[in-house]
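Mind the numbering: the sequence shown is residues 81 to 270 in my numbering, read in order.
Note that beta-carbon positions come from the ideal geometry of N, C-alpha and C, so glycine has one too.
What follows is a set of notes on a single structure, which appears directly below.
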Amino acid sequence: MVEGQRLEVLPATADRWTDLEKLFGKSGAYSGCWCMYWRVSSNEFAANGNAGNRTALERLTGSGIVPGLLGYRDGEPVGWISLAPREQYGRLQRSPKLKPVDDQPVWAVVCFFVHREHRGRGVAGGLLDGAIAYARSNGATVIEAYPPDSGADRLADPAAYMGTVSLFRRAGFREIARRGPKRPIFRLTL
């Protein structure tokens with residue numbers, strides 16, 4: 081458990097599935113994604129649809145793998161961050177712009193979801209603080225992030241699902257590569 085800006089950050093485990101389901105709602109966070117976009121191929125993601133992506137995340141969570149962390153305020157789930165060893169994200173591994181920079185083992189932050197009623201209240205920063213602590217406690221030595229760089233400090237809500245450049249910079253991440261004008265790769269060494 082990590083306390084950050086009155087945010088309790090806990091692993092998304094099978095016993096917290098109903099909280100994750102409540103947070104993501106019927107639309108599965110963003111358009112039926114259920115945070116499976118980076119984990120499966122394009123064809124599998126499209127074939128899954130909302131229901132299939134939901135089932136895939138529920139199975140993953142039930143298998144004992146922690147696919148991310150949930151943020152709670154006053155006992156209610158208000159946010160999500162997807163964090164895991166990079167090799168769990170197949171699409172990230174195959175991306176020409178986000179492919180590995182080197183052979184160093186890293187954990188990756190690929191997604192945030194904050195309930196609309198809690199946006200703009202520091203939830204993403206609290207989730208990131210919790211993710212850093214969780215990764216460190218699980219043996220990670222490096223965390224990567226891939227926020228789009230639009231040149232603006234604030235992105236439209238759906239565009240901010242991978243976080244923002246300013247969020248990661250505030251947390252101590254440094255840009256280590258850029259394979260396109262809007263696709264930096266940030267790292268934090270723990």
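Rounded to the nearest angstrom, how far is the Cβ of P227 from that of V245, given a contact under 8 Å?
-> 5 Å
Can you give the beta carbon distance from A225 to F248, rounded, assuming they're within the 8 Å contact cut?
-> 5 Å
Sort out for me which residues DSSP pairs W187 with in a bridge.
-> P165, I223
Whether V146 touches V203 by CB criterion (8 Å) = no
If we call anything under 8 Å between Cβ atoms a contact, is G170 one with V222?
-> no
Look at the Cβ atom of G148, then the Cβ atom of S162, and state whether they are nearer than 8 Å.
-> yes
At which residues does the beta strand (DSSP E) containing R250 begin and terminate?
-> R250 -> not in any beta strand (DSSP E); alpha helix (DSSP H) instead, spanning 245-250.
Residue range of the beta strand (DSSP E) that includes F266 | 264-269
Give the straight-line distance between the Cα atoms of G252 and R199, rounded to the nearest whole angstrom.
-> 22 Å
List the residues that DSSP assigns as beta-bridge partners of L178.
-> Paired residue(s): none; L178 is not in a bridge.
Range covered by the beta strand (DSSP E) that runs through A257 | 254-258
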